[in-house]
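Numbering (the working numbering), first residue to last: 29 to 384.
So this is what it looks like as structure tokens:
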């Protein structure tokens, strides 16, 4: 199949400005069905890797949290239930406290769409952030005046946040390919709650993220974006964080506590506890869960909390678009993992595909 973004190879370098970088970021918002080895992904990453996003200046103390400015759209019990279900996995909402989340749900409104309808158009000003309730949607980007479909959403996901967060025009056109329903959040509420919360989160995690050795290859602006997309998860003693054999959806950094990494020998029963061998421990500032994302294979090991553990979690889409510069470091670690496994099991357990 022809690379949908092949025209990017013919763009002049001086035209790869903020607009192209914003296309890269917004196109990879969850959930877009790009293969992990997609030419789309690699083309965009290589094209925009040296450009930085110039975010709209935002002071979280500038805007008053005025109750009179709050927007409330009444909803039936069924509507609120559907809205909560649609929003439960939206990363931007992960760090909101219950009161903030309640305000977001109050302010969101239902938007029914028809097949063929344009929800947003590339180049327009951003007015709303959208969460998909149901329906399928295609993503189009104009390149050299030609609109090309570069991805799609299938009954879940969200879009439109980048134009609101960074005060830039829409980076893509989103078209409904079936009748559907969206939940919209207006720009004022989005910035008052989401952007303000992100600004506070930056203050909290900036120094920690900057102290992580494996992120040293990122620019300062790239590390700030990592802060924007991470979520916090707390695990109790003995609680499983990831399970061997599961599909990978997140990458983890230990903020506090201790994590035990174990692996079952091939052929051992899932219920046979003595089949699991401890292969590593992770402490503050160390990461785990990246192997499955780097190799595009199921989880090669399990991770459990030792005592209370607090982790920073990043979903797979954010991992792919933000940690590209760190990927070589992570790939080099695979050789170390293989050596450890050979010493323990006499085999590398096929954690990567064998090369010819």
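The C-beta atom is built at its ideal place from N, Cα and C for all residues, glycine as well.
All figures in this text were calculated on a predicted structure; none of them were measured in a lab.
(message) Could you tell me the alpha carbon to alpha carbon distance between residue 324 and residue 99, rounded to whole angstroms?
(response) For this step, residue 324 is matched to residue 296 along the chain shown. For this step, residue 99 is matched to residue 71 along the chain shown. Between residue 324 and residue 99, the C-alpha separation is close to 43 Å.
(message) Would residue 166 and residue 197 qualify as a contact pair, given that the criterion is a beta-carbon distance under 9 Å?
(response) Along the chain shown, one-based indexing puts residue 166 at 138. Along the chain shown, one-based indexing puts residue 197 at 169. Contact annotation: residue 166 and residue 197 have beta-carbon atoms that are not nearer than 9 Å.
(message) Helix, strand or coil for residue 245? Go by DSSP, reduced to three states.
(response) By 1-based counting over the chain shown, the position of residue 245 is 217. Reduced to three states, the DSSP call for residue 245 is coil.
(request) Report yes if the CB atom of residue 192 is closer than 9 Å to the CB atom of residue 154, and no otherwise. (result) As a first step, residue 192 must be located in the chain shown, where it is residue number 164. As a first step, residue 154 must be located in the chain shown, where it is residue number 126. The beta carbons of residue 192 and residue 154 sit closer together than 9 Å.
(message) Using a Cβ distance threshold of 8 Å, determine whether the segment 252-272 contacts the segment 220-237, with at least three qualifying pairs required.
(response) A contact exists between the segment 252-272 and the segment 220-237.
(request) From the DSSP output, in three-state form, read off residue 134 for me. (result) Reading the chain shown from its first residue, position 106 is the one you call residue 134. Of the three classes helix, strand and coil, the one that applies to residue 134 here is helix, per DSSP.
(message) Whole angstroms are fine: how far does the CA of residue 320 sit from the CA of residue 127?
(response) One-based indexing of the chain shown puts residue 127 at position 99. One-based indexing of the chain shown puts residue 320 at position 292. The C-alpha of residue 320 is placed about 36 Å away from the C-alpha of residue 127.
(request) Taking only the alpha-carbon atoms, compute the straight-line gap between residue 202 and residue 306 and give it to the nearest angstrom. (result) Translated into positions along the chain shown, residue 202 becomes position 174. Translated into positions along the chain shown, residue 306 becomes position 278. Roughly 47 Å between the two C-alpha positions.
(request) Have a look at residue 83 and residue 205 and give me their C-alpha separation to the nearest angstrom. (result) Working through the chain shown from its first residue, we reach residue 83 at position 55. Working through the chain shown from its first residue, we reach residue 205 at position 177. Model confidence at residue 83 stands at a pLDDT of 40, short of 50, so the residue's coordinates are unreliable and nothing is read from them.
(request) Might you give, ordered along the chain, the residues of its own chain that have their beta carbon closer than 8 Å to the beta carbon of residue 141, omitting 5 neighbours on each side? (result) Here the question's residue 141 lines up with position 113 in the chain shown. Contacts found: 147, 163, 204, 207, 208, 209 and 210.
(message) Going by DSSP in three states, residue 106 sits in which element: helix, strand or coil?
(response) Numbered from its first residue, the chain shown carries residue 106 at position 78. In the structure shown, residue 106 sits in a helix (DSSP, three-state: H, G or I).
(message) Quick check on this structure: which residue in 290, 251 and 259 has the alpha carbon closest to the alpha carbon of residue 118?
(response) Here residue 118 corresponds to residue number 90 of the chain shown, with the count starting at 1. Nearest C-alpha to residue 118 among 290, 251 and 259: 259.
(message) What residue range does the alpha helix (DSSP H) around residue 235 cover?
(response) Along the chain shown, read from residue 1 onward, the residue named residue 235 stands at position 207. Element bounds for residue 235: 224-238.
(message) If you reduce the DSSP assignment to three classes, tell me which class residue 172 lands in.
(response) Taking the chain shown and counting its residues from 1, the one referred to as residue 172 is at position 144. Look at residue 172 here: in three-state DSSP terms it is coil, with no helix or strand label.
(request) Just the C-alpha distance for residue 171 and residue 179, rounded to the nearest angstrom, thanks. (result) As a working mapping, residue 171 is identified with position 143 in the chain shown. As a working mapping, residue 179 is identified with position 151 in the chain shown. Residue 171 and residue 179: Cα-Cα distance of roughly 15 Å.
(request) Round the Cβ separation of residue 136 and residue 213 to the nearest angstrom and send it over; I've been treating them as touching at under 8 Å. (result) Against the chain shown, residue 136 aligns to sequence position 108. Against the chain shown, residue 213 aligns to sequence position 185. Rounded to the nearest angstrom, the Cβ distance from residue 136 to residue 213 is 5 Å, consistent with a contact under 8 Å.
(message) Using the three-state DSSP reduction, which class does residue 206 fall into: helix, strand or coil?
(response) Residue numbering aside, residue 206 sits at position 178 when the chain shown is read from its first letter. In the three-state reduction of the DSSP assignment, residue 206 falls in the coil class, being assigned neither a helical nor a strand state.
(message) On the DSSP letters alone, give me the boundaries of the alpha helix (DSSP H) that residue 120 sits inside.
(response) Here residue 120 refers to the residue found at position 92 of the chain shown. Per DSSP, residue 120 belongs to no alpha helix (DSSP H) and is neither H nor E.
(message) Threshold first: 3 residues or longer. Then list the beta strand (DSSP E) segments lying entirely within the segment 250-280, N to C.
(response) The qualifying runs are 259-263 and 268-270.
(message) I'd like the span of the alpha helix (DSSP H) that includes residue 190, first residue to last.
(response) In the chain shown, counting from the first residue as 1, residue 190 sits at position 162. Its alpha helix (DSSP H) spans residues 189-194.
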